[in-house]
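Residue numbers (our numbering): 10 to 389. Even glycine gets a Cβ: it sits at the ideal position worked out from N, Cα and C. What follows is a single structure, written as structure tokens, with notes after it.
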Amino acid sequence: VLSLDHLDRFTHSLGPDYSDLLLQAVSDRLIPYGGEVGTVARLNSEQLALILPPVLDRQEAARIGRSILETLSQPLDLEGFEVFITSSIGMALYPDDGSDIDSLLKAANTAMKAAQQLGGNRYQLYTAAISEKSYDRLMLEMSLHHALERQEFVVYYQPQVDLQTGCIVGTEALVRWQHPDRGLISPLDFIPLAEETGLIVPLDEWVLQTACQQARIWRDAGYGLPVAVNLSGIQFNQPGLSRRVLRILEATGLEPSYLKLELTESAVVRNPETAIATLLELRSLDIELSLDDFGTGYSSFSYLQQFPFDSLKIDRSFVRNVTQDSKNAAILVAIIKLAHSLNLKVIAEGVETEAQQEFLRQHQCDMMQGYYFSRPVTPD
Ligand code: C2E
Ligand code: MG
Ligand code: MG
Numbered sequence: 010v011l012s013l014d015h016l017d018r019f020t021h022s023l024g025p026d027y028s029d030l031l032l033q034a035v036s037d038r039l040i041p042y043g044g045e046v047g048t049v050a051r052l053n054s055e056q057l058a059l060i061l062p063p064v065l066d067r068q069e070a071a072r073i074g075r076s077i078l079e080t081l082s083q084p085l086d087l088e089g090f091e092v093f094i095t096s097s098i099g100m101a102l103y104p105d106d107g108s109d110i111d112s113l114l115k116a117a118n119t120a121m122k123a124a125q126q127l128g129g130n131r132y133q134l135y136t137a138a139i140s141e142k143s144y145d146r147l148m149l150e151m152s153l154h155h156a157l158e159r160q161e162f163v164v165y166y167q168p169q170v171d172l173q174t175g176c177i178v179g180t181e182a183l184v185r186w187q188h189p190d191r192g193l194i195s196p197l198d199f200i201p202l203a204e205e206t207g208l209i210v211p212l213d214e215w216v217l218q219t220a221c222q223q224a225r226i227w228r229d230a231g232y233g234l235p236v237a238v239n240l241s242g243i244q245f246n247q248p249g250l251s252r253r254v255l256r257i258l259e260a261t262g263l264e265p266s267y268l269k270l271e272l273t274e275s276a277v278v279r280n281p282e283t284a285i286a287t288l289l290e291l292r293s294l295d296i297e298l299s300l301d302d303f304g305t306g307y308s309s310f311s312y313l314q315q316f317p318f319d320s321l322k323i324d325r326s327f328v329r330n331v332t333q334d335s336k337n338a339a340i341l342v343a344i345i346k347l348a349h350s351l352n353l354k355v356i357a358e359g360v361e362t363e364a365q366q367e368f369l370r371q372h373q374c375d376m377m378q379g380y381y382f383s384r385p386v387t388p389d
């Protein structure tokens, strides 16, 4: 659902007849988005409904939202008058957001209202959050847009420990948002939002840059600690990734062997051939690659061996019960063995107790990370 912002401005100055002309001019620009199967329809004097051809996922829908805003930002010619308009777009996806036209329209309308409330000239995908705690989430989203320029993000580092020697052998960079009113916000609460809005791309680059700078500082101080940086699937699938990573390494003066990148299965399985090519490119730069959160996705070894990873991080859900649950323990041991047979190093996440650490050490897990040794902490 697309609603023209501040239409009363035009009806006051140009007369009510113009609003129809305006809607027509806007519709003309929107028709191409409908393709063969889509439709543009007038809902009322300032709103249009647009049925789009099927999209792959929410990100693609978001891209279309951005593209429509961009298209409509070009001035319209209304019988010789140059008119500038903006709009508020609410998007709902079949079947996730509604299974019939009425519920979809309602959801799109709710999302459109949310876009209006945020000042217009924006698109908003419908989410359950909008109807439940819309205000909260939208405020968060709004402040997320400014968080980078206001330098509100900080990077914490969690040590990674070699289980045989007990030495710190690396760190993982974990971003936090230091919100002016809400305090420190966990990435679990804003990364999904950043992914949906596309903000994840500049954010991940900023974290990469910051972490490389920090690793360089440590190296210069005599601590040669590689830093592991998480990359969102969206960031990973952007073209030219290795070039951008290389540029950051050059700018910070960090040797590539001091950088590790962590990716989840979902980032690489979407488009395996391109993913393998990108991974090989990164690897040829001498950057290590870790598969994060192993055990939560498909977790198919036969599939994963196609991807050139150096290490595998076992998700903390497997580590949690390892000393109480014997099945869980058996799976963990099997994962370690299989990973080693594929020449992958194994890092256990979320180690919270001495018993867990002992278990992992006995079963030849290579490294661990977790609150038992240290929470993520500031660089100093
Ligand atoms: P992850 O990469 O699997 O990171 C490990 C998470 O486990 C971190 O949560 C860490 O604080 C937490 N953790 C570490 N040790 C323990 C433990 O002993 N017990 C428990 N219960 N938790 C432990 P955090 O920092 O909240 O990060 C959550 C997720 O957010 C990360 O999971 C990662 O997927 C994502 N993330 C964090 N920073 C970034 C970033 O810069 N870019 C992207 N794209 N994603 C990030
Ligand atoms: Mg990680
Ligand atoms: Mg993980």
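key: Opening and closing residue of the beta strand (DSSP E) in which Glu297 lies   = Glu297 to Phe303
ask   = Going by other Cβ atoms of all chains shown within 10 Å of its Cβ, with 16 needed for buried, is Leu217 buried or exposed?
value = buried
message = Taking the straight line between their C-alpha atoms, what separation do you get for Leu4 and Gly304?
response = Look at the range of the chain in this structure, 10 to 389, and you will see that residue 4 is not part of it.
key: Given 8 Å, three or more beta-carbon pairs between the region 263-270 and the region 211-227   = yes
inquiry  = By the three-class DSSP mapping on this structure, what secondary structure does Thr387 have?
reply    = coil
query = Any heavy atom of ligand 3 closer than 8 Å to the CB of Asp301?
reply = yes
ask   = For Ile139 versus Leu11, is the C-beta distance shorter than 9 Å?
value = no
message = I need the straight-line Cα distance from Pro189 to Val49, nearest angstrom please.
response = 42 Å
ask   = Taking Cβ to Cβ, would you say Asp213 is nearer than 9 Å to Val238?
value = yes
message = Determine whether the beta carbon atoms of Glu259 and Ser308 lie at a separation below 9 Å.
response = no
key: Completely contained beta strand (DSSP E) runs for the region 63-124, where each covers 3 or more residues   = 85-87, 90-92 and 96-100
ask   = So what does DSSP say about Thr273, is it helix, strand or coil?
value = strand
Any non-hydrogen atom of ligand 2 closer than 8 Å to Lys322 Cβ = yes
task = State the Cα-Cα distance for the pair Ser82 and Thr95, rounded to the nearest angstrom.
result = 6 Å
ask   = Does the separation of the CB atoms of Ile73 and Leu85 fall below 9 Å?
value = no
request  = Please confirm whether any heavy atom of ligand 1 lies closer than 8 Å to the CB of Asp213.
outcome  = yes
inquiry  = Among the candidates Leu39, Ala182, Leu32 and Gln315, whose CA atom is the shortest distance from the CA of Asn53?
reply    = Leu32
ask   = Relative to ligand 1, is the shortest distance from any of its heavy atoms to the C-beta of Gln244 smaller than 8 Å?
value = yes
inquiry  = Taking 8 Å as the cut-off, is the C-beta of Gln378 nearer than that to any heavy atom in ligand 5?
reply    = Looking at this structure, you won't find ligand 5 anywhere; what it does contain is ligand 1, ligand 2 and ligand 3.
ask   = Is any heavy atom of ligand 2 found at a distance shorter than 8 Å from the C-beta of Ala357?
value = no
request  = Report yes if the CB atom of Leu157 is closer than 9 Å to the CB atom of Leu208, and no otherwise.
outcome  = yes
key: One or two residues paired with Asp171 in a DSSP bridge   = Met376
inquiry  = At the level of alpha carbons, what is the spacing between Tyr165 and Ala182?
reply    = 6 Å
message = Could you pull the DSSP bridge partners for Leu193 from this structure?
response = Gln187
ask   = Mind checking whether Pro265 and Asp302 have CB atoms under 9 Å apart?
value = no
ask   = Any heavy atom of ligand 3 closer than 8 Å to the Cβ of Ala325?
value = Just to set this straight, residue 325 is Arg in the shown sequence, not Ala. Arg325 Cβ: within cutoff of ligand 3.
request  = Taking only the alpha-carbon atoms, compute the straight-line gap between Leu153 and Ile40 and give it to the nearest angstrom.
outcome  = 32 Å
request  = Name the two residues that bound the continuous alpha helix (DSSP H) containing Thr283.
outcome  = Pro281 to Ser293
Thr332 (DSSP reduced to helix, strand or coil) = coil
inquiry  = Between the region 341-352 and the region 364-373, can you find at least three pairs of beta-carbon atoms closer than 8 Å?
reply    = yes
request  = Pull up the DSSP beta-bridge partners for Glu181, would you.
outcome  = Gln167 and Ala237
query = Hey, Leu134 and Glu79 are a contact pair by Cβ (cut 8 Å); roughly how many whole angstroms apart?
reply = Their Cβ separation, rounded to whole angstroms, is 17 Å, which puts Leu134 and Glu79 out of contact at 8 Å.
request  = Return the Cβ separation of Ala101 and Ala120 in integer angstroms, given the expectation that the two are a contact with Cβ distance under 8 Å.
outcome  = 6 Å
task = Give a yes or no on contact between the region 312-330 and the region 350-359, applying the rule of three or more CB pairs nearer than 8 Å.
result = yes
request  = Classify Phe162 as helix, strand or coil using the three-state DSSP reduction.
outcome  = strand
query = Could you check where the beta strand (DSSP E) with Ala357 kicks off and where it finishes?
reply = Lys354 to Ala357
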